[in-house]
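Okay, structure first, notes after.
The structure is reproduced here in structure tokens:
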């Protein structure tokens, strides 16, 4: 647990959702639903967020996660990942891997996160798969940190996976939560809206 770190990407703008989806949810905001599961598995959890993101900053307890503001310009998934990895490396001396989570995936089961961590090592990329669909979190060993730090704009880490197939490990899980993200209010189960 101690050498494996989580990075939660929460700097998006929820344009299709219509409001700040990170704060939506019937009983608990989506971001906190995600963090409850993530914090149960990782000693160190980092959340990358938008600048001047007071509502999210106030919501997340400093004991839960370390907050990282995204750059003011050129915000995209690649920039968020690169910024997060740089900050994590500055904050923690010894890291074997970083698992990248999306803040709009509150249905990932505990067992799926455990399965990813179990397969994680410094030289591999581990990803859960449900029904032949690639899911999250994606865990990158420290060998891949330089490539992650080189990402920018909207270019995510898929190119790193494609260029390193021999190091890529897919874990079949029976958890639809690894592929279920919330992009529209209709994506919530009726009892969770």
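Residue numbers (the numbering used here): 8 to 200.
Cβ coordinates follow ideal geometry from the N, Cα and C atoms, glycine included.
Contact between residue 99 and residue 44 does not hold, since their C-beta atoms are separated by about 21 Å, which reaches or exceeds 8 Å. Distances from the CA of residue 188 to each of 164, 142 and 64 were compared; the closest alpha carbon is that of 142. A check of alpha carbon separations from residue 48 across 63, 108, 59 and 173 identifies 108 as the nearest. Pairwise C-beta distances place the stretch 144–156 out of contact with the stretch 58–65, as fewer than three of them are shorter than 8 Å.
The C-alpha of residue 95 lies about 26 Å from the C-alpha of residue 184. Ranking 186, 160, 163 and 149 by CA distance to the CA of residue 174 puts 149 first. Of all C-beta pairs linking the stretch 69–88 to the stretch 160–177, three or more are shorter than 8 Å, placing the two stretches in contact. Bounds of any alpha helix (DSSP H) do not take in residue 172, whose DSSP letter is neither H nor E.
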